[in-house]
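Peer 1:
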Amino acid sequence: MSNELDIDGIIKALSNPVRREILTWLKEPEKHFQSQEHTLENGVCVGRIYERAGLSQSTISAYLAILQRAGLVTSQRVGQWVFYKRNESVILAFLEYLKNEL
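Residue numbers (the UniProt record's numbering): 1 to 102.
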């Protein structure tokens with residue numbers, strides 16, 4: 001299982017409290033991103049994540065890129081917007097790895 005997962009990349013991504021917070025927000029997007037104009041079916045618009053985090057766009061973009069490289073989130077471009085969602089299968093596989101291997 002760990003061959004399919006980037007364990008070190010995931011651990012690095014999770015080492016930052018804001019990145020963990022983004023994952024928490026994306027777990028319940030309807031609770032944390034009520035003001036989003038678009039349906040949450042595609043995920044959360046990156047602009048809403050910037051607003052909620054209160055950090056610069058470049059910082060949040062870098063954080064989202066790290067989460068995406070680790071496989072923890074996926075992105076989808078719809079027109080001019082980019083939407084992010086948690087990658088539940090990777091998160092579950094990582095949790096299983098921790099449970100079984102550590």
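Beta carbons are placed, not taken as given, at the ideal position from N, Cα and C, and that holds for glycine.
1) Identify whether Q57 lies in helix, strand or coil by the three-state DSSP scheme.
2) Express the C-alpha separation of F94 and I7 in angstroms, rounding to a whole number.
3) Output the distance between the C-alpha atoms of F83 and Y63, rounded to the nearest integer angstrom.
4) What residue range is occupied by the uninterrupted beta strand (DSSP E) comprising S75?
5) Taking the alpha helix (DSSP H) that F83 falls in, what are its first and last residues?
Peer 2: Quick look at the numbers:
1) Of the three classes helix, strand and coil, the one that applies to Q57 here is helix, per DSSP.
2) Annotation: I7 to F94 spans about 7 Å, alpha carbon to alpha carbon.
3) Roughly 14 Å between the two C-alpha positions.
4) Segment 73 to 78, the beta strand (DSSP E) holding S75.
5) First-last for F83: 81 to 86, but that is the beta strand (DSSP E), not the alpha helix (DSSP H).
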